[in-house]
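Engineer: Next up is a structure, given as structure tokens.
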Amino acid sequence: MSIKSLRELFVGGLPASPASRGIPLHRLFEELPKFKDFLVVDLNLSGFTVESHYYAVRGFLRWAKREGYNFVSVDALRSYLKTYLGRSKYTRANLIKGFRRFFRDYLGCPELVSSFRLPYIRRGEGGRFKELWFTKRDLQRVYYALGESKNPERNQALFLLYATTGLRRLELLELQPRHIDWSLRSIILDLDRGTKKTGITFFNEEAEDALKRMDLPTREDERIFKIRGPGVKWVLKRASRRCGVNPPITPQALRVWFSYEMGKLGVPDRYIDIFQGRVPNSMLAQFYTPRGLEELKEVYDKAGLRVLE
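Residue numbers for the sequence shown follow this note's numbering, beginning at 1421 and rising by one.
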């Protein structure tokens, strides 16, 4: 179905626009699976971006249902965004980008989202926190609280890998056995992430032990962690609350902790940027050799990064 026919389906050819009259909420729920196909097939977006847009829209629709909305209008979207006032500008940006893809690009109703502006984010700002609100002892408390969760082996391995690799939340969830060189304890991802770059990183012995306690896939191209991004945040949030760490620890917080901790341990910024995927591919290419990997591993191991000690 074309965007034009979708618009006619929802607006019905009436003079009132969906911005003022609203679109039936139940019809939007019905369109979610096809919206995901639109992102993948028509726009050819990466899996990370597809998931971000899809969950942004689904989260809004579920909120609208809980709040008793039968129709979705600009007022409903504005009320939802209002609940995020004071939160990270990256969160607001991701929500608005998802809404634009769904209402403007997929449904052909740009008037629903045209008034919402993206926050200004300086180039190279990278989402770093001004300061960390937790200590290493707090991380240890969350780790042991994860031992009481529903899937302790998986959750503890995820936690230690986030803390010792510096990978982004969704990058780690795409990890497959073929990405790991156990002899070097290295991870080299080959993911198409659009504007995001992937790097060469490593994990420490603590994370290695946690990984080996899991039932790892037998297929080399199968995902190791069968959990979605929102699920990871929920698991960490629940464990943080259980042990009294507030605000809760998040994958992004662990990525930033890795950056700060490696800096404190004397690792130069250029290597931290390589581990965290913040360098151009042209610069990274020189390390895709046995000698280059050994150099990076030596830098990583010399730092002696530890979470549980």
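Yeah, the Cβ is synthetic: ideal placement off N, Cα and C, and Gly gets one too.
#1: Could you name the residues of the same chain whose beta carbon sits closer than 7 Å to that of residue 1576, not counting the 5 residues immediately before and after it, in chain order?
#2: At what residue ranges does the region 1590-1648 contain a whole run of the beta strand (DSSP E), taking only runs of 3 or more?
#3: From residue 1671 to residue 1595, what does the alpha carbon distance come to, in whole angstroms?
#4: As a quick exercise: from 1729, 1728 and 1695, pick the residue whose alpha carbon is nearest that of residue 1715.
#5: For residue 1448, which residues of its own chain have a beta-carbon under 7 Å away from its beta-carbon, when the five flanking residues on both sides are left out?
#6: Would you check if the distance between the CB atom of residue 1539 and the CB atom of residue 1502 is smaller than 8 Å?
#7: Could you tell me whether the Cβ atoms of residue 1569 and residue 1659 are closer together than 8 Å?
#8: Excluding sequence positions up to five away, which residues of its chain have a Cβ less than 7 Å from the Cβ of residue 1657?
#9: Can you give me the Cβ contacts of residue 1709 inside the same chain, cut-off strictly under 6 Å, excluding the 5 residues immediately before and after it?
#10: How long is the line joining the alpha carbons of residue 1632 and residue 1590, rounded to whole angstroms?
#11: Would you report the Cα separation of residue 1600 and residue 1692, rounded to the nearest angstrom?
#12: Under three-state DSSP, which class holds residue 1545?
#13: Exposed or buried, what is residue 1677 when buried is set at 16 or more other beta-carbons lying within 10 Å of its beta-carbon?
#14: Kindly indicate the opening and closing residues of the alpha helix (DSSP H) around residue 1681.
#15: Do you know offhand how far residue 1615's Cα is from residue 1469's?
#16: Please tell me whether residue 1519 and residue 1536 are closer than 8 Å, where the distance is taken between their beta carbons.
#17: If you drop the 5 nearest sequence neighbours on each side, which residues of the same chain put their C-beta closer than 8 Å to that of residue 1666?
#18: Can you check DSSP and say which residues form a bridge with residue 1492?
#19: Verify whether the separation of the beta carbon atoms of residue 1592 and residue 1554 is less than 8 Å.
#20: In the DSSP assignment, find the alpha helix (DSSP H) that holds residue 1560 and state where it starts and stops.
#21: Assign residue 1729 to one of three DSSP states: helix, strand, or coil.
#22: So, is residue 1625 buried or exposed, given that buried needs 16 or more other C-beta atoms within 10 angstroms?
#23: What span of residues does the alpha helix (DSSP H) with residue 1518 cover, start to end?
#24: Compare the Cα-Cα distances from residue 1697 to each of 1457, 1649 and 1621 and report the closest residue.
#25: Return yes when the Cβ of residue 1458 is within less than 8 Å of the Cβ of residue 1477, no when it is not.
#26: Identify which residue in 1720, 1662, 1607 and 1655 has its Cα closest to the Cα of residue 1686.
#27: What do you get for residue 1500, buried or exposed, if any count of 16 or more other CB atoms within 10 angstroms of its CB means buried?
#28: What are the boundary residues of the alpha helix (DSSP H) that includes residue 1462?
#29: Would you say residue 1588 and residue 1675 are within 8 Å of each other, going by their C-beta atoms?
#30: Exposed or buried, residue 1533, counting other C-beta atoms within 10 Å across all chains shown (16 or more means buried)?
#31: Confirm, please, whether the CB-CB distance from residue 1444 to residue 1514 is below 8 Å.
Structural biologist: The structure says:
#1: Taken in chain order, the residues that qualify are 1563, 1566, 1567 and 1630.
#2: As far as the region 1590-1648 is concerned, its whole beta strand (DSSP E) runs of at least 3 residues are 1606-1608 and 1620-1622.
#3: Those two C-alpha atoms are separated by around 15 Å.
#4: Of the listed residues, the one whose Cα sits closest to residue 1715 is 1695.
#5: So the qualifying residues of the chain are 1481 and 1492.
#6: In terms of Cβ geometry, residue 1539 and residue 1502 do not form a close pair [threshold 8 Å].
#7: Judged by their CB atoms, residue 1569 and residue 1659 are nearer to each other than the 8 Å cut-off.
#8: Closer than 7 Å at the Cβ level, and outside the excluded window around residue 1657, lie 1668.
#9: Nothing meets the Cβ criterion.
#10: Between residue 1632 and residue 1590, the C-alpha separation is close to 21 Å.
#11: Using only the alpha carbons, I get a separation of about 19 Å.
#12: The pLDDT assigned to residue 1545 is 49, lower than 50, so where the model puts this residue is not dependable; a value taken from the coordinates is nonetheless given after this. Residue 1545 falls in the coil class under three-state DSSP.
#13: When all chains shown are included, residue 1677 counts as buried.
#14: Its alpha helix (DSSP H) spans residues 1671-1684.
#15: Caution applies to residue 1615, whose pLDDT of 47 falls short of 50 and renders its modelled position unreliable; the value that the coordinates give is listed next. For residue 1615 and residue 1469, the gap between their C-alpha atoms comes out near 10 Å.
#16: Yes, these two residues count as a Cβ contact at 8 Å.
#17: The answer, listed in chain order, is 1660.
#18: For residue 1492, which the question treats as bridged, DSSP gives the partners 1443.
#19: Not closer than 8 Å, so no.
#20: 1556-1566 is the extent of the alpha helix (DSSP H) around residue 1560.
#21: Here residue 1729 sits in coil by DSSP.
#22: By the C-beta density criterion, residue 1625 is exposed, having fewer than 16 other C-beta atoms within 10 angstroms.
#23: Per DSSP, residue 1518 belongs to the alpha helix (DSSP H) from 1509-1519.
#24: Ranked by Cα distance from residue 1697, the options 1457, 1649 and 1621 are led by 1621.
#25: The answer is no: Cβ separation not under 8 Å.
#26: Ranked by Cα distance from residue 1686, the first of 1720, 1662, 1607 and 1655 is 1720.
#27: Residue 1500 sits buried, since 16 or more C-beta atoms from the chains shown fall within 10 Å of its C-beta.
#28: For residue 1462, no alpha helix (DSSP H) run applies, since DSSP gives it neither H nor E.
#29: Result yes, Cβ atoms of residue 1588 and residue 1675 sit closer than 8 Å.
#30: In summary, residue 1533 is buried, with 16 or more beta-carbon neighbours lying within 10 Å of its beta-carbon over all protein chains present.
#31: In this structure, residue 1444 does not lie closer than 8 Å to residue 1514 by Cβ.
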